[in-house]
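Trainee: For reference, the structure I am asking about is given below.
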Amino acid sequence: MKKLVLLIIMVLGLNNMKAQDRKFGKITKEELKEEVCSIDSIAEAAYLYKTKEVSFEYDKEKGFQKIVKVHDIIKIYNEEGFDYGNQSIRFYAKSNRTEDKLSRIKATTYNLVNGKIEETDVEKKEMYTDENNEYYNYKKIAFPNVKKGSIVELSYELRSVFWDIDDFKIQEEIPIKFIYHSTRIPEYFGFKKSSKGYMSLSPTVENKYNRILFGKGAEISSVDYNEEETIFKGENILALKDDEPFTASYKDYVGTIGYELSYVDFPNSVIEHYSTSWESVCEKLYDYSSFGSQLKKHSYFSEDLEKVIAGKETEQEIVAAVFNFVKSKVTWDKYTGIFTHEGVVDAYKKGTGSVADINLMLVAMLREAGINANPVLSSTKGHGTPLYPTLDGLNYVMAAVESKQGFRILLDASDPYHAINFVPSRAMNWEGRLLYKRGQTFSVPLTKAKKSQENFILNAVFDEDFNLKCSLQSKITDREAFSFRKKYNQLSDDKFKEKLKSDYHMNVVSYEIKNKYNLSKPIMFKAEVEGSEFCETINGKKYINPMLFFKETENPFTLETRKYPVDLVAPYSETRSINITIPKGYKVVSLPKGLHAKMTDNKGSYKYLIQQMGDKIILMSVKEFNTGMILPNQYPELKELYSQMIAKNKEQIVLEKI
Numbered sequence: 001m002k003k004l005v006l007l008i009i010m011v012l013g014l015n016n017m018k019a020q021d022r023k024f025g026k027i028t029k030e031e032l033k034e035e036v037c038s039i040d041s042i043a044e045a046a047y048l049y050k051t052k053e054v055s056f057e058y059d060k061e062k063g064f065q066k067i068v069k070v071h072d073i074i075k076i077y078n079e080e081g082f083d084y085g086n087q088s089i090r091f092y093a094k095s096n097r098t099e100d101k102l103s104r105i106k107a108t109t110y111n112l113v114n115g116k117i118e119e120t121d122v123e124k125k126e127m128y129t130d131e132n133n134e135y136y137n138y139k140k141i142a143f144p145n146v147k148k149g150s151i152v153e154l155s156y157e158l159r160s161v162f163w164d165i166d167d168f169k170i171q172e173e174i175p176i177k178f179i180y181h182s183t184r185i186p187e188y189f190g191f192k193k194s195s196k197g198y199m200s201l202s203p204t205v206e207n208k209y210n211r212i213l214f215g216k217g218a219e220i221s222s223v224d225y226n227e228e229e230t231i232f233k234g235e236n237i238l239a240l241k242d243d244e245p246f247t248a249s250y251k252d253y254v255g256t257i258g259y260e261l262s263y264v265d266f267p268n269s270v271i272e273h274y275s276t277s278w279e280s281v282c283e284k285l286y287d288y289s290s291f292g293s294q295l296k297k298h299s300y301f302s303e304d305l306e307k308v309i310a311g312k313e314t315e316q317e318i319v320a321a322v323f324n325f326v327k328s329k330v331t332w333d334k335y336t337g338i339f340t341h342e343g344v345v346d347a348y349k350k351g352t353g354s355v356a357d358i359n360l361m362l363v364a365m366l367r368e369a370g371i372n373a374n375p376v377l378s379s380t381k382g383h384g385t386p387l388y389p390t391l392d393g394l395n396y397v398m399a400a401v402e403s404k405q406g407f408r409i410l411l412d413a414s415d416p417y418h419a420i421n422f423v424p425s426r427a428m429n430w431e432g433r434l435l436y437k438r439g440q441t442f443s444v445p446l447t448k449a450k451k452s453q454e455n456f457i458l459n460a461v462f463d464e465d466f467n468l469k470c471s472l473q474s475k476i477t478d479r480e481a482f483s484f485r486k487k488y489n490q491l492s493d494d495k496f497k498e499k500l501k502s503d504y505h506m507n508v509v510s511y512e513i514k515n516k517y518n519l520s521k522p523i524m525f526k527a528e529v530e531g532s533e534f535c536e537t538i539n540g541k542k543y544i545n546p547m548l549f550f551k552e553t554e555n556p557f558t559l560e561t562r563k564y565p566v567d568l569v570a571p572y573s574e575t576r577s578i579n580i581t582i583p584k585g586y587k588v589v590s591l592p593k594g595l596h597a598k599m600t601d602n603k604g605s606y607k608y609l610i611q612q613m614g615d616k617i618i619l620m621s622v623k624e625f626n627t628g629m630i631l632p633n634q635y636p637e638l639k640e641l642y643s644q645m646i647a648k649n650k651e652q653i654v655l656e657k658i
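Here the sequence shown is numbered in this note's numbering, starting from 1 and rising by one per residue.
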């Protein structure tokens with residue numbers, strides 16, 4: 001960083017537009033008396049005040065520093081809001097540059113006791129530093145005496161030699177009564193601004209100026225420079241709520257203001273470009289001890305690896321053997337992140353580790369076995385998608401193998417039921433970054449998944465008392481097979497039968513499952529089942545729903561409008577082929593009519609085909625989606641498709657005696 005040499009510094013033109021300018025400690029009795037949030041009656045808590053100011057100040061020793069001032073006031077309405085009595089401040093530490101400096105931390109709890117405001121300050125012992133990893137720490141703050149009606153207030157100042165400006169969320173999981181965010185950026189710094197999400201605020205932008213005076217006595221001179229001040233203000237912003245079914249993570253759609261440092265251009269200096277590319281971001285990873293160094297370690301598994309690949313001749317056999325070994329060797333501890341948690345050696349010894357521990361270990365073992373393997377980084381659903389190239393935007397690691405035949409497969413050994421080329425739904429968030437050893441990186445699509453199928457064939461026979469006996473066969477593939485294995489594989493015989501009765505209302509007499517643990521093949525399921533509650537008698541006529549065990553009677557899409565995309569994860573189809581034999585002495589009076597409903601561009605469809613052939617009723621029901629994502633503007637079509645399907649699933653066959 002280039003420094004401006006000065007002896008005296010004076011900053012003029014201070015910001016005179018600080019909305020509300022609320023000073024610390026100015027809590028009112030009216031705020032403490034409020035029992036229900038005025039803009040959201042069911043909110044457990046709300047921000048009364050949420051502000052952040054970012055500016056730059058010159059220091060003769062360190063050069064320009066970023067100054068961040070934060071002031072938050074949170075009202076807690078009930079027990080569910082008590083978690084907001086625990087706050088944390090992230091700051092960079094243990095860097096080869098000077099770490100961030102936290103100062104002026106004020107934290108107070110307010111309660112109304114006998115009509116008077118009682119203040120309880122957070123003591124130093126209630127603040128501690130959590131060393132999250134080797135790059136940044138958290139200052140944890142536990143507010144005391146938090147109860148219904150409390151208000152907690154936090155303010156602090158952070159000084160940093162890192163010029164990056166953190167993204168600012170303009171929407172939270174609780175309502176915000178007043179929000180303010182300002183940046184005051186000297187002309188020497190070029191930032192690219194961006195925004196994302198379904199909530200936005202219009203900024204006001206104003207040019208200011210500052211003057212730096214240097215020298216002393218009669219030899220004082222000055223440097224004038226411009227600053228651009230950008231202010232975002234908002235009031236009564238509703239909470240970001242998880243109230244829409246089939247949403248991957250509503251946190252992915254939070255309104256966010258982003259800043260990317262593009263360049264620094266000091267007077268009489270060569271311009272320095274800071275805009276990063278994915279290549280430069282990813283190249284740095286190989287220098288980190290908790291990433292690149294982990295890939296170089298192999299002595300801890302060398303002896304075991306020889307046994308694992310012994311006798312394996314083809315590339316496909318070696319990949320499968322190593323993949324299965326890692327899945328069985330280390331259990332995922334539910335930690336995500338691109339940096340190792342335990343470290344690959346400790347994870348290997350303990351048998352547990354983070355997703356980075358597991359999949360970086362997998363890459364290292366595959367490389368040692370002669371396979372062209374590399375890490376793939378991505379962001380999980382709920383972590384958002386990065387607005388620009390940044391390590392902070394990535395929190396998941398998988399492995400990629402590029403075969404000698406020229407095709408690429410993805411591997412994630414964090415779950416024993418993950419098959420080769422299976423990407424878990426948590427990681428199917430647009431695209432990942434494939435990292436090569438020399439810093440090269442390419443985007444890898446993560447949402448293009450093979451269509452899963454769930455096919456059932458049911459041969460059903462009603463006896464003269466209308467008791468039901470059925471033979472059931474099913475074939476379940478890909479992602480649906482993964483779900484089946486996760487749901488049923490560990491159940492005992494009795495528990496499995498109980499679960500099917502709960503899920504499908506079927507009494508299982510006997511069953512057989514093939515390929516429970518052969519992940520490369522579909523689940524093949526056969527069963528003999530019975531039932532006795534599928535026929536209703538009204539005025540001497542028999543009413544039967546031909547969908548039997550498979551009827552869907554509730555539409556999950558009831559909202560009039562939709563803010564967020566509908567996440568179906570991946571394309572899939574469900575086929576129900578049902579053959580019903582009616583008892584002797586009865587005839588069909590009426591059958592439901594057929595239906596073929598579909599969405600625009602065939603994104604989704606539903607077919608219901610039914611006919612009578614002698615004493616049999618033949619029904620085929622097919623629900624199919626050719627995409628894993630339905631956009632909000634397509635929601636009315638999806639809702640209507642489901643409405644027609646649900647209505648059809650409620651229709652009945654009518655029988656009467658001959």
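C-beta: ideal position from N, C-alpha, C; glycine also.
Does DSSP put CYS535 in a helix, a strand or coil?
Mentor: Under the three-state reduction of DSSP, CYS535 is assigned to strand.
Trainee: Cutting at 7 Å between CB atoms, please list the residues of its own chain near CYS37, excluding the five before and the five after it.
Mentor: ALA43, ALA46, TYR77, PRO175
Trainee: Going by alpha carbons, who is nearest to ILE618 out of ALA647, LEU458, LEU491, HIS505?
Mentor: Out of ALA647, LEU458, LEU491, HIS505, LEU458 has the C-alpha closest to the C-alpha of ILE618.
Trainee: Under a Cβ-count criterion, where at least 16 other Cβ atoms within 10 Å of its own Cβ denotes burial, should ILE73 be classed as buried or exposed?
Mentor: buried
Trainee: Could you check if ARG104 is buried or exposed, using at least 16 other CB atoms within 10 Å of its CB as the buried criterion?
Mentor: exposed
Trainee: Take the Cβ of GLN171 as the centre, count every other Cβ of all protein chains shown within 10 Å, and call the residue buried at 16 or more, exposed below.
Mentor: By the 16-neighbour rule on beta-carbons within 10 angstroms, GLN171 is buried.
Trainee: Three Cβ pairs or more, each shorter than 8 Å: is that satisfied between the region 521-537 and the region 597-616?
Mentor: no
Trainee: Name the two residues that bound the continuous beta strand (DSSP E) containing GLN634.
Mentor: Premise fails: GLN634 is in no beta strand (DSSP E) and is neither H nor E.
Trainee: On the DSSP bridge assignment, give the partners of GLN453 in chain order.
Mentor: SER573
Trainee: Report yes if the CB atom of GLY432 is closer than 9 Å to the CB atom of TYR396, and no otherwise.
Mentor: yes
Trainee: For GLU260, which three-state DSSP category applies?
Mentor: Residue state, collapsed to three classes: strand.
Trainee: Measuring CA to CA, which of TYR209, GLU228, GLU229 is closest to SER222?
Mentor: TYR209
Trainee: Is it a yes or a no for the region 295-310 touching the region 221-235, going by three-plus beta-carbon pairs under 8 Å?
Mentor: no
Trainee: May I have the straight-line CA-CA distance separating LYS50 from LYS29, to the nearest angstrom?
Mentor: 19 Å
Trainee: Using the beta-carbon count (16 or more within 10 Å), is SER378 buried or exposed?
Mentor: buried
Trainee: Looking only at its chain, what residues have a beta carbon closer than 8 Å to the beta carbon of VAL264, apart from the 5 residues adjacent to it on each side?
Mentor: MET1, LYS2, TRP163, TYR188, PHE189, GLY190, ILE271, GLU272, TYR274
Trainee: Who are the near neighbours of THR349 in its chain, counting only those whose CB is closer than 8 Å to its CB and skipping five residues on each side?
Mentor: According to the sequence displayed, residue 349 carries Lys and not Thr. Cβ neighbours of LYS349 beyond the five flanking positions: TYR300.
Trainee: On a CA-only basis, which of TYR58, ILE89, ALA419 is nearest LYS69? Give me that one, please.
Mentor: ILE89
Trainee: Residues bridged to CYS470 by DSSP?
Mentor: ALA460, VAL529
Trainee: Kindly indicate the opening and closing residues of the beta strand (DSSP E) around ALA347.
Mentor: Per DSSP, ALA347 lies in no beta strand (DSSP E) segment; the continuous alpha helix (DSSP H) that holds it begins and ends at 344-350.
Trainee: Report yes if the C-beta distance between ILE358 and SER414 is below 9 Å; otherwise report no.
Mentor: yes
Trainee: Which word fits SER150, buried or exposed, when buried means at least 16 other C-beta atoms lie within 10 angstroms of its C-beta?
Mentor: buried
Trainee: With C-beta atoms as the reference, is LYS648 less than 9 Å away from PRO592?
Mentor: yes
Trainee: List in chain order: all unbroken alpha helix (DSSP H) runs of 4+ residues lying wholly within the region 137-199.
Mentor: Those alpha helix (DSSP H) runs which fall completely within the region 137-199 and span 4+ residues do not exist here.
Trainee: So MET361 is in the beta strand (DSSP E); what residue range does that whole segment cover?
Mentor: Careful: MET361 lies outside any beta strand (DSSP E), inside the alpha helix (DSSP H) at 355-368.
Trainee: Among ILE610, ASN626, MET629, which one has its Cα closest to the Cα of MET620?
Mentor: ILE610
Trainee: Considering only C-alpha positions, which residue in the set ILE578, LYS148, ASP167, SER293 is nearest to LEU261?
Mentor: ASP167
Trainee: Ignore the nearest five residues each way along the sequence and tell me which others in GLY531's own chain have a CB closer than 8 Å to its CB.
Mentor: ASN467, LEU468, CYS470, HIS505, MET506, ASN507, LEU548, PHE549
Trainee: Using only CA atoms, which one of ARG159, ASN145, VAL113, LEU102 lies nearest to TYR138?
Mentor: LEU102
Trainee: According to DSSP, simplified to helix, strand and coil, what is MET645?
Mentor: helix
Trainee: Go ahead and pull the three-state DSSP assignment for VAL270.
Mentor: coil
Trainee: Considering only the alpha carbon of each residue, which of GLU34, LYS603, PHE482, GLU315 lies closest to GLY370?
Mentor: For the set GLU34, LYS603, PHE482, GLU315, the Cα lying nearest the Cα of GLY370 is the one of GLU315.
Trainee: Would you tell me roughly how many angstroms separate the C-alpha atoms of SER195 and ILE257, rounded to the nearest one?
Mentor: 5 Å
Trainee: Have a look at ARG367, PRO375, LEU366, GLU368 and flag the residue whose alpha-carbon is nearest the alpha-carbon of VAL355.
Mentor: PRO375
Trainee: Where ARG22 and TRP278 are concerned, what is the direct C-alpha to C-alpha distance, given to the nearest angstrom?
Mentor: In a straight line, the C-alpha of ARG22 is about 41 Å away from that of TRP278.
Trainee: Who does TYR92 pair with in a DSSP beta bridge?
Mentor: TYR136
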